[in-house]
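Q: Okay, here's the structure, questions in a sec.
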Amino acid sequence: MTDTASKPGKNALVWLIVSVVVIALDQLSKAWVLASLPEYTPVPVIDGFWNWYRSYNTGAAFSFLSDAGGWQKYFFMVLAVAISGLLARWLARTERGDWKSALPFALVIGGAIGNVIDRMLHGHVVDFIQWYVGDYHWPSFNIADSAIVAGAIGIAIYGLFPSRADAKRRAGEGKA
Numbered sequence: 001m002t003d004t005a006s007k008p009g010k011n012a013l014v015w016l017i018v019s020v021v022v023i024a025l026d027q028l029s030k031a032w033v034l035a036s037l038p039e040y041t042p043v044p045v046i047d048g049f050w051n052w053y054r055s056y057n058t059g060a061a062f063s064f065l066s067d068a069g070g071w072q073k074y075f076f077m078v079l080a081v082a083i084s085g086l087l088a089r090w091l092a093r094t095e096r097g098d099w100k101s102a103l104p105f106a107l108v109i110g111g112a113i114g115n116v117i118d119r120m121l122h123g124h125v126v127d128f129i130q131w132y133v134g135d136y137h138w139p140s141f142n143i144a145d146s147a148i149v150a151g152a153i154g155i156a157i158y159g160l161f162p163s164r165a166d167a168k169r170r171a172g173e174g175k176a
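Be aware that the sequence shown starts at 1, since it is given in UniProt numbering, and climbs by one per residue.
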């Protein structure tokens with residue numbers, strides 16, 4: 001990441017379009033789920049692997065803190081907005097063409113805000129994708145969750161294993 005915030009039009013804020021697309025897909029899919037799927041009833045998509053399964057999560061990943069009494073709703077909303085703000089600031093300091101940084105940031109922002117919208121509208125997150133094998137069911141999730149996970153993986157991969165050009169550029173920045 002280089003500091004391009006002082007150069008209008010050169011930063012990666014345009015990547016927030018990806019965030020908007022994630023939010024739109026997430027909210028449209030959840031509107032479909034709420035209008036079409038029965039609660040807590042599996043609807044097979046691919047037998048033995050994938051169901052539509054409308055459920056609700058008041059906690060975080062894997063229902064972490066889901067039965068904490070209600071305070072967690074606000075905690076997770078504040079946390080998601082704070083992380084999204086931090087990532088947006090990093091986008092403002094990232095070069096527009098640095099997709100390896102910008103795309104993961106945008107995915108996390110879109111997913112986080114998609115779930116914040118759910119918490120604000122419904123008091124919980126709507127989940128509906130359920131993968132399973134035999135009797136083992138992965139916890140249900142949604143498009144926002146998928147974007148957050150994909151973005152976090154991208155941040156980890158490109159942060160831990162930079163390309164040679166990125167490594168050389170960073171090494172050069174350290175000498176200045």
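Each residue gets a CB set at the ideal place from its N, CA and C atoms; glycine is no exception.
Taking only three categories from DSSP, how would you classify D47?
A: Coil at D47, not helix or strand.
Q: Please name the residue in G134, I155, S101, V126 whose C-alpha comes closest to that of N11.
A: Answer by Cα proximity: S101.
Q: How big is the Cα-Cα spacing for A68 and I117?
A: Because the pLDDT at A68 is just 47, under 50, the model does not fix this residue reliably, and the point stays unresolved.
Q: Can you name, in chain order, every residue of its own chain whose Cβ lies under 7 Å from the Cβ of R119, other than the five neighbours on each side?
A: K73, F76, M77, V125, listed in sequence order.
Q: Expressed to the nearest angstrom, what Euclidean distance is found between the alpha-carbon atoms of T94 and L121?
A: Approximately 33 Å, taken between the alpha carbons.
Q: Excluding the 5 residues flanking A150 on each side, which residues of the same chain have their C-beta closer than 7 Å to its C-beta?
A: Here the set comprises L107.
Q: Is it true that the CB of Y53 sits closer than 8 Å to the CB of F105?
A: In this structure, Y53 does not lie closer than 8 Å to F105 by Cβ.
Q: Can you tell me whether DSSP reads F128 as helix, strand or coil?
A: The answer is strand: DSSP assigns F128 an E or B state.
Q: Would you kindly work out how many angstroms separate the C-alpha atoms of F64 and N115, rounded to a whole number?
A: Any reading at F64 needs caution, since the residue's pLDDT is 48, under 50, leaving its predicted position unreliable; the model's value is listed next. Near 15 Å, if we compare the C-alpha coordinates of N115 and F64.
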